[in-house]
Amino acid sequence: ATSFDWEDPLLAKTLLTEEEVAVGETAERYCQERLLPRVLQAYRDEDYDSKILREMGELGLLGATIQGYGCAGVSTVAGGLITRAVERVDSGYRSGMSVQSSLVMGGIHEFGSAELKERLLPGMARGEILGAFGLTEPNHGSDPGSMETVARRHPQKTGVYLLSGAKTWITNSPIADVLLVWAKLEETGKIRGFVVERKDCPAGTLETPAIKNKNGLRASITGMIQLDNCPVREENMFPEVEGLKGPFSCLNSARYGIALGTMGALEDCIARARTYALERKQFKGNPLAKYQLVQKKLADAVTDATYGTLAAIQVGRLKDEGKATPEMISLIKRQNCDKALHNARVLQEIFGGNAVSDEYGIGRHVANLYVTQTYEGQSDIHSLILGRAITGVQAFA
Ligand code: TGC
Ligand code: FAD
């Protein structure tokens, strides 16, 4: 007999291959056993332990969808099950991993020269070489096409570009060994991707100060990238790709990871709220779970997590068949981030005053999920991407 499983109501698990189930279980075990015990202190101290990326690398969790170069070569859905497992613990840990895996390794794999891929990807897959992705600038966030960071040819040295400008709100920048920086080539005005290697930067040409005192995503490290005539060899510029297509191609896979990732955070909120509602008693010794208003909050959240998970699995399948469009990814990124944030905020109410204590974990997810709704295209920006696709009229500017 089949009974209802509140943790997987529509049996999404039956849509997964054996390999995907195994990858998901490996990731969940690592995250629950190794990440969960340290997140509370890390969040309090605003401390990101870069050993985490090495641990993930040892388990084959970094750049997992890439074929070759020491990467696991699993499906898009399996990659999403990894982000879901990590984000079940904390969006900040997923963020550090997404940047490494999707944005930097993914970018180098898709657009880098053969030499760059062979030299950097295996070390990045092991978590020994850490990456950051610099697109956002202090004056240009939602509209990165207006970026000011520029790459000029070195006046004396052939085959060298000098990068100048500033990037801000950059995950991993203070600890990154390689920084994928998007800059406009002075001679063409077109956006190009440059792999800046910290070890090759002369003193004073690259600074990556941390941005401290965040009120969300405190278990990840965020900073700036300041470039002052920083020399980068031509071999480190992506040879072919020009324009916003470069950074946005990397974002497609990172946004996919967030769509399934945020379902992990929401599921953790549901599990915590359910446990609390069953234990906490108010009015005549009844558990909160007995009250209809509380049950509705749980029912709404479980429904949204279920729909979001199924939609993400479908888009993952289409992506691997080469049938996914960027708008499909905007659709699930927007919906899943919005629903995760909304439901987390509502479930927080079940904890009453205790929600204010960080020991209950719910407030941390709420603060983190605000960030997930904001980065990689704020939800309203994804509304406009969808609106353009629906009407044929762009409403950005
Ligand atoms: P638009 O005219 O729409 O496009 C310009 C060119 O780019 C191409 N393109 C894409 N290509 C592949 N995939 C996509 N998703 C693409 N989106 C656009 C497009 O085809 C076109 O190509 P071409 O060859 O014709 O030049 O450009 P626009 O300037 O009108 O863009 C507007 C808009 C809103 C769509 C875009 O700028 C946008 O999405 N803004 C949001 C910014 C954003 O997402 N920033 C992310 C920063 S990285 C980050 O947040 C990492 S957090 C990581 C973590 O910690 O987890
Ligand atoms: P703005 O662009 O100033 O937007 C502010 C508000 O205005 C938003 O609500 C937006 O939706 C709205 N808005 C803007 N334009 C329009 C319009 N045309 N119509 C309607 N509404 C509009 N970036 C990176 O490059 N790499 C990273 O690793 C990275 N990591 C991050 C980590 C954290 C913790 C945070 C907070 C951000 C990170 N970002 C990163 C930056 C992130 O991508 C940007 O914050 C995001 O793209 C929004 O840009 P903005 O903050 O400049 O907001």
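Whatever position you read off the sequence shown (first residue = 1), add 12 for the working numbering.
Built from N, CA and C at the ideal position, the CB exists for glycine as well.
Helix, strand or coil at residue i according to DSSP, with G and I counted as helix
| i | result |
| --- | --- |
| Ile237 | strand |
| Gly80 | strand |
| Tyr382 | helix |
| Phe123 | helix |
| Val314 | helix |
| Ala215 | coil |
| Ile182 | strand |
| Leu27 | helix |
| Ala409 | coil |
| Ser176 | strand |
| Met159 | coil |
| Leu197 | strand |
| His354 | helix |
| Val190 | strand |
| Lys296 | coil |
| Ile203 | strand |
| Pro21 | coil |
| His377 | helix |
Distance cut-off 7 angstroms: residue i Cβ against heavy atoms of the ligand TGC
| i | result |
| --- | --- |
| Thr180 | no |
| Ile94 | no |
| Pro156 | yes |
| Lys202 | no |
| Gly404 | no |
| Met77 | In the sequence as displayed, the identity of residue 77 is Thr instead of Met. Not so, every heavy atom of the ligand TGC lies at least 7 angstroms from the Cβ. |
| Ser265 | no |
| Gly255 | yes |
| Ser107 | yes |
| Pro134 | no |
Whole-angstrom C-beta distance between residue j and residue i, which should lie under 8 angstroms
| i | j | result |
| --- | --- | --- |
| Gly269 | Gly69 | The Cβ separation is near 17 angstroms, so there is no contact. |
| Thr95 | Gly228 | Rounded, the Cβ-Cβ distance is 18 angstroms, inconsistent with contact. |
| Ile187 | Ile233 | 6 angstroms |
| Leu71 | Leu142 | Incorrect: roughly 17 angstroms between the Cβ atoms, too far for contact. |
| Val193 | Ile237 | 6 angstroms |
| Leu27 | Ile325 | 5 angstroms |
| Ala271 | Asn366 | With a Cβ gap of about 30 angstroms, Ala271 and Asn366 do not count as contacting. |
| Lys309 | Ile362 | 6 angstroms |
| Ala231 | Val51 | 6 angstroms |
| Glu411 | Arg164 | Residue numbering for the chain in the displayed model covers 13 to 409; residue 411 lies beyond these limits and cannot be assessed. |
| Leu174 | His166 | 6 angstroms |
| Val172 | Pro243 | 5 angstroms |
| Arg400 | Ala407 | 7 angstroms |
| Lys25 | Val33 | 7 angstroms |
| Phe123 | Val253 | 5 angstroms |
Among the options, nearest to residue i - alpha-carbon criterion
| i | options | result |
| --- | --- | --- |
| Gly328 | Thr315, Asp316 and Leu343 | Leu343 |
| Ser391 | Lys351, Gly375, Pro21 and Cys213 | Lys351 |
| Ser185 | Glu37, Asp57, Ser395 and Ser62 | Ser62 |
| Lys179 | Asp240, Gly364 and Asn248 | Asp240 |
| Cys43 | Ile78, Val89 and Asp102 | Asp102 |
| Thr217 | Leu147, Ile78, Gly177 and His377 | Gly177 |
| Gln112 | Leu133, Val383, Asn248 and Leu52 | Leu133 |
| Ser114 | Ser265, Lys211 and Glu333 | Ser265 |
| Glu30 | Leu93, Glu67 and Asn151 | Leu93 |
| Ser125 | His166, Asn248 and Asp312 | Asn248 |
| Glu333 | Thr88, Arg46, Gly80 and Thr38 | Thr88 |
| Trp3 | Asp189, Pro251 and Gly108 | Residue 3 lies beyond the residue range present for the chain, which begins at 13 and ends at 409; the question has no answer from this structure. |
| Val98 | Ala277, Arg400 and Lys345 | Ala277 |
| Arg210 | Glu219, Arg204 and Lys293 | Glu219 |
| Ala76 | Gly118, Tyr55, Arg100 and Leu48 | Gly118 |
| Ser110 | Lys25, Glu388 and Arg204 | Glu388 |
| Asn355 | Ile341, Pro338, Ile374 and Lys345 | Ile374 |
| Arg346 | Lys196, Leu23, Ile393 and Gln360 | Ile393 |
| Gly235 | Glu58, Tyr288, Arg357 and Thr315 | Glu58 |
| Ile203 | Gly255, Val116, Val33 and Ala39 | Gly255 |
| Gly104 | Gln406, Gly201, Ala379 and Cys213 | Ala379 |
| Tyr55 | Thr148, Lys25 and Lys226 | Lys226 |
| Asp20 | Ile402, Asp370 and Ala311 | Ala311 |
| Thr287 | Thr403, Pro338, Ala336 and Leu359 | Leu359 |
| Met159 | Glu140, Gly201, Asp212 and Phe123 | Gly201 |
Residue i CB to nearest heavy atom of the ligand SAH below 7 angstroms
| i | result |
| --- | --- |
| Ala144 | Looking at this structure, you won't find the ligand SAH anywhere; what it does contain is the ligand TGC and the ligand FAD. |
Residue i Cβ short of 7 angstroms to the ligand FAD heavy atom set
| i | result |
| --- | --- |
| Ile393 | yes |
| Thr148 | yes |
| Thr234 | yes |
| Tyr387 | yes |
| Ile205 | The displayed chain sequence assigns Gly, not Ile, to residue 205. No; taking the cut-off as 7 angstroms, the Cβ of Gly205 has no heavy atom of the ligand FAD nearer than that. |
| Phe260 | no |
| Gly153 | yes |
| Leu353 | no |
| Leu396 | yes |
| Val111 | yes |
| Leu197 | no |
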